[in-house]
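Numbering (our numbering), first residue to last: 124 to 365. Below you'll find the structure, written out as structure tokens, and then a few comments.
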Amino acid sequence: TALLEIDRYGKSRELFFEGGRIIAMDLFFYEGLLWCSTLKNGILVFEQGVLKRVVDQKNGLGINSARKIEIKNDKLFVSHKNGFQILDLISDKWIALGTAEGVINGSVNDFALSADKLWIISKGQPLSLDLNNLPQTEPKLTVSIDSLIVSDNKYEDNKLQQFTHDQNDFAFYFTYRGIEYEAEATILYRIKGFEDKWNSTPSTSNVIEYKYLPPGNYAFEIKVKFRNSFSETKRHKFEITP
124 TALLEIDRYG KSRELFFEGG RIIAMDLFFY EGLLWCSTLK NGILVFEQGV LKRVVDQKNG
184 LGINSARKIE IKNDKLFVSH KNGFQILDLI SDKWIALGTA EGVINGSVND FALSADKLWI
244 ISKGQPLSLD LNNLPQTEPK LTVSIDSLIV SDNKYEDNKL QQFTHDQNDF AFYFTYRGIE
304 YEAEATILYR IKGFEDKWNS TPSTSNVIEY KYLPPGNYAF EIKVKFRNSF SETKRHKFEI
364 TP
């Protein structure tokens, strides 16, 4: 498998990326540049065989294995197994399409562009979106900690709180604002000082419980993930004495 450039005389030469062969998934020629979606290197942009740009996960692409690409009105349309994204080539900002726009579970089997429509096949179902009414930015995500229940007692003050060793049954109540994005949003949380890995729960829930915490200094942290965006992390610090 190789990506070849063939001149008008039929002479060919292979194009490489970082010394390796390129497995191309789709090609699109736009304003003198060749855009190439690849199996594992994101999207590579060439001008007369010279690499000019790389669009990959480091600068916003959801996954480096891109499938089909098209460009229209200075916007790059990309489908991949993690969903559908659009890059504004002027502002260099991404937007993503998903369940909120009718794309079922972020799945896109194929797509095409007409004069004023984006046509998508999602889970075998056709969908048309007006190119002039596509989302302009990712939604603003917010999550807040409403209250803390410790051993049946309610605490609303977010100042550093101190509990005794037998006050170790914690329930954090929170509010996520963004009901229209619930199907794709995920709540991420952890207690710093007790665990390093982020846990996850559906955005339809409103409480996170810890049945037993040992003595220590902690910070409960919570944030929202929506597609490739994250909300601001909210924290609640507390201490359990020995």
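Built from N, CA and C at the ideal position, the CB exists for glycine as well.
When C-alpha distances from Val347 are compared across Ser328, Phe286, Arg358, Tyr299, the shortest belongs to Tyr299. Close CB contacts of Leu184 within its chain, under the 6 Å cut and outside five residues either way in sequence, are with Gly165, Val178 (chain order). The count of Cβ pairs closer than 8 Å, one atom from the stretch 320-335 and one from the stretch 287-295, reaches three, so the stretches are in contact.
Taking the Cβ atoms as the reference, Asp239 lies roughly 16 Å from Leu220, outside the contact range of under 8 Å. Counting every other CB atom within 10 Å of its CB across the protein chains shown gives Ala308 a total of 16 or more, marking it as buried. Assigned with DSSP and collapsed to three states, Leu254 falls in helix. Contact between Lys175 and Leu156 is confirmed by a C-beta separation of about 7 Å, below the 8 Å threshold.
Contact annotation: Leu210 and Lys191 have beta-carbon atoms that are not nearer than 8 Å.
Assignment of beta-bridge partners to Ile129 by DSSP yields Ser135.
Membership of Ser202 in the beta strand (DSSP E) is indicated by the continuous run 198-203. In the three-state reduction of the DSSP assignment, Thr364 falls in the coil class. Ranking Leu250, Phe286, Leu167, Lys360 by CA distance to the CA of Met148 puts Leu167 first. Rounded to whole angstroms, the gap between the alpha carbons of Lys360 and Ser352 is 25 Å. Restricting attention to Asn340, Ser354, Thr356, the CA atom closest to the CA of Glu362 is found in Asn340. Scanning Pro249, Gln285, Leu311, Val226 for the CA closest to the CA of Leu264 turns up Leu311.
The beta carbon of Ala189 sits closer than 7 Å to the beta carbons of Met148, Ser160, Thr161, Gly165, Ile166, Val201, His203 from its chain, once the five residues preceding and following it are set aside; these are given in chain order.
Per DSSP, reduced to three states, the secondary structure at Asn329 is coil, with no helix or strand assignment.
Leu138 is a Cβ neighbour of Ile145, given a cutoff of 8 Å.
Around the beta carbon of Ser274, fewer than 16 other beta carbons sit within 10 angstroms, so the residue counts as exposed.
Under DSSP, Lys181 forms no beta bridge with any residue.
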